[in-house]
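See below for the structure under consideration.
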Amino acid sequence: MNKKKFIPGKTKVQYAGAYYDNKEVDAMIKSIKKGWFGVGEKADKFEKEFAQFIGVKNAIVTNSGSSATLLAVAGFGFKPGLEIITPACNFPTSFNPIVQLGLVPVLIDVDLGTYNIKAELIEKAITKKTVALLIPHTLGNPCNMKKIMKIKKKYNLKLIEDNCDALGSTYNNQKTGSFGDVATCSFYPAHHITIGEGGMVYLNSNSRERKIRSLRDWGRACHCKWDQKNPHGACKNRFNFQLGDLPKGYDHRYTYTSIGYNLKPVEFQCAMGLEQLKKLPFFVKKRRQNFTKLYNYFKKFEKYFILPKWEKEAKPSWFSFPLTVKDKAPFSRRDISIYLEDHNIQTRPLFAGNIIRHPAYKNVKYRISGSLKNSDKILLDTFFIGVWPGMDDEQIGYIKKTVNKFFKQLY
Ligand SMILES: Cc1ncc(COP(=O)(O)O)c(C=O)c1O
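Just so you know, we're using the numbering used here here: the sequence shown kicks off at -2 and counts up by one.
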């Protein structure tokens, strides 16, 4: 929908975008016309189908990927001061919940090319205070799950997978997001599927699912769903509870057992999500095809760029096409980014690079394990361009022509 005729140099080559048609629009209008805006039937179905796609038991839809990660971490109820290991090259709101919940982030470097946590350095960073690993599959590229799962088991750590960029990726034929204790996804329009703004937390544990749903829904104790017909609740004891200092018989629907948030999306977004899920196999295929076309083209510039790398067990569902400008290249990331942007090709840095270099983290308590050399390089020298399904050979051809011109004018 809204696909513009591509005029090279005039039409923007976006790094990402929402890809949808009348199916999504009709589904949303139908949902709105029903007059139910809070999460309901469509949300339930979206959660169920999403969980099935990943291969986990439970999914909880949220209003963003950031909210999903906040809930994923909060769901464990870790005591403040405990440590969570995470890469220094990170996305701000994947990192922030650690700080916001009073925990201490322990930072490890990433590899250049995969941009994922250096799994071989995790063991060294573990102390008595370590309780979890919070690990993003960066730009859709699966981490070394063999090593990570071994460490998780050996030290009995919780594993939170930030799968926001990696919907549809597999490692050893298993979907990313199904390895850990909990995982998250983002449905912002830059991601593999979109509902405008939205996200998902997903996990196998039924008890933690209840906890996370309560945290999402104001901290309430009651687990009755939108379609509960019995006025006395699913438990039939709505007016018979006695909890905390509340009087006996206090209405359980408005009893609070968690310090909660409200991080719910609205129902018609979930109607969109159900249509997007149907398109997901096509999206993943198209992203992989666009990635391969760009990879084959950029290979001739390996002298200047570190090309993307991935584990041999990994089949990434790429978010984008990352490049790192090598130290000896006769141009900087700034030079090539400005050139591409001036020619209407969108570029982005790899999220925050080394996150602790940003002003917001100046007074934050964290611990660094080892050197963060690569995260610092990424901060300065890495950028990405798009591979999203809205990109066709026309746009890819234009990228190639423009990059060829950039190198011609260099010499
Ligand atoms: C790796 C990663 N984690 C988390 C997020 C946050 O998702 P959202 O924008 O839906 O809050 C993003 C967003 O782009 C992301 O790329």
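Just so it is clear, CB atoms sit at the ideal spot from N, CA and C, and this is done for glycine as well.
Check: Do residue 51 and residue 174 have their C-beta atoms closer together than 8 Å?
Finding: Yes, the pair counts as a contact, with Cβ atoms nearer than the cut-off.
Next item on the list: Tell me whether residue 269 sits in a helix, a strand or coil according to DSSP, three-state version.
Entry: helix
Checklist line | residue 196: CB within 7 Å of a non-hydrogen atom of ligand 1 | finding: yes
Notebook entry, point to check: Apart from the five residues just before and just after residue 87, which ones in its own chain have a Cβ nearer than 8 Å to its Cβ?
Noted result: 133, 348, 349 and 352
Notebook entry, point to check: Mind checking whether the beta-carbon of residue 14 lies closer than 7 Å to any heavy atom of ligand 1?
Noted result: no
Checklist line | Whole runs of the beta strand (DSSP E) within the stretch 167 to 210, excluding any shorter than 3 residues | finding: 179 to 183 and 196 to 200
Check: What alpha helix (DSSP H) runs, 4 residues minimum, are completely inside the stretch 340 to 378?
Finding: Counting only unbroken stretches of 4 or more residues, the alpha helix (DSSP H) elements lying wholly within the stretch 340 to 378 are 370 to 378, in sequence order.
Check: What separation, rounded to the nearest whole angstrom, lies between the Cα atoms of residue 262 and residue 397?
Finding: 40 Å
Check: Which residues does DSSP pair with residue 105 in a beta bridge?
Finding: 84
Notebook entry, point to check: Identify the residues that DSSP records as bridge partners of residue 110: which are they?
Noted result: DSSP output for residue 110 lists no bridge partner at all.
Check: Where does residue 53 fall in DSSP's three states?
Finding: coil
Note to self: Shorter than 7 Å, the distance from the beta carbon of residue 116 to the closest heavy atom of ligand 1, or not?
What the structure shows: no
Checklist line | Simplified DSSP state of residue 62, which is helix, strand or coil | finding: If DSSP states are grouped into helix, strand and coil, residue 62 belongs with the helices.
Check: Between the stretch 51 to 61 and the stretch 74 to 86, are three or more C-beta pairs nearer than 8 Å?
Finding: These segments do not touch.
Note to self: Using the three-state DSSP reduction, which class does residue 415 fall into: helix, strand or coil?
What the structure shows: Nothing in the structure corresponds to residue 415, since the chain is present only between -2 and 408.
Next item on the list: Could you name the residues of the same chain whose beta carbon sits closer than 6 Å to that of residue 180, not counting the 5 residues immediately before and after it, in chain order?
Entry: 158, 160, 174 and 199
Item checked: Anticipated Cβ contact below 8 Å, residue 399 with residue 330, distance rounded -> With a Cβ gap of about 16 Å, residue 399 and residue 330 do not count as contacting.
Next item on the list: Grab the span of the alpha helix (DSSP H) containing residue 89 for me, first residue to last.
Entry: 89 to 97
Check: Mind checking whether residue 156 and residue 176 have CB atoms under 8 Å apart?
Finding: yes
Margin query: Cutting at 7 Å between CB atoms, please list the residues of its own chain near residue 438, excluding the five before and the five after it.
Written below: With the chain represented from -2 up to 408, any question about residue 438 goes unanswered, as that position is not in the structure.
Check: In terms of alpha-carbon separation, which member of 17, 42, 32 and 69 lies closest to residue 257?
Finding: 69
Margin query: Comparing C-alpha positions only, which one of 364, 185, 224 and 325 sits nearest to residue 65?
Written below: 185
Margin query: Given the structure, does residue 88 come close to ligand 1, in the sense that its CB is under 7 Å from one of the ligand's heavy atoms?
Written below: Yes - ligand 1 has a heavy atom lying nearer than 7 Å to the Cβ of residue 88.
Item checked: Where residue 385 falls, given that 16 or more other Cβ within 10 Å makes a residue buried -> buried
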